[in-house]
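Counting from -4, one number per residue, gives the positions in the sequence shown under the numbering used here.
Positions of the beta carbon are idealized from the N, C-alpha and C atoms, including for glycine.
Below: one structure, written as structure tokens.
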Amino acid sequence: MQAAEQFFAQQGISEVKLTNHTGFLVDSFHEFEAQADLVILGKRGENAEFASGHLGANVERVLRSSNKPSFVTSHNYQPINRILLANDGGKSCQKALEFLVTSPVFKGLELHLLTVAKKPGDEAAQVLLANCSTPISSRWFYANL
């Protein structure tokens, strides 16, 4: 906790509330989630040296039970310059797109939209991407559709 506090202070971030709970993350998560706009989690716990290709058990439970946008970080964090949104046209993708284009946190970043089609030039995929371009172009993204 002290290392985290020191890190944020070095970055010029003074409004940080550090909280230490005893127990399981899943049990106390929703209490804090209600006060957040975005949830950021590490991929696996500190002691998880096994199954490196899988998410940690706590992360998966939290993600499945959360109703907030979530960001899962890798062990080796790098600054974010580009965002990839895999879009199937569903409601959750529409909500994710709306969150991205309305949140000032993502201002000026490249946004890449990915949709998968059965064949090149698939009309349904083209319509899906065209429908996404309107909210994106009206905001501050550098879009790659």
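Beta-carbon gap between residue i and residue j smaller than 8 Å
i, j, result
"V34", "E28", "yes"
"H70", "K102", "no"
"F24", "V57", "yes"
"A125", "T110", "no"
Length of the line joining the Cα atoms of residue i and residue j
i, j, result
"L123", "E55", "29 Å"
"V11", "M(-4)", "11 Å"
"A52", "D22", "13 Å"
"E118", "A112", "9 Å"
"G7", "T97", "24 Å"
"R77", "K86", "23 Å"
"P74", "T17", "31 Å"
"E143", "L13", "The requested residue 143 is not part of the displayed model; the chain covers only -4 to 140."
"H107", "C88", "13 Å"
"N15", "P115", "51 Å"
Reference residue i; option with closest CA among the options
i, options, result
"K90", "C127, N76, L104, A(-1)", "C127"
"E105", "L79, A125, F94", "L79"
"S65", "L13, Y72, A31, N76", "A31"
"K63", "E93, K114, D83, Q73", "E93"
"L36", "V67, P99, G84", "V67"
Identified DSSP bridge partners for residue i
i, result
"Y78", "Contrary to the premise, residue 78 reads as Ile rather than Tyr in this sequence. Answer is L106."
"V67", "L36"
Any non-hydrogen atom of the ligand ADP within 7 Å of residue i CB
i, result
"I35", "Annotation note on the ligand ADP: not contained in the displayed structure, which lists no ligands."
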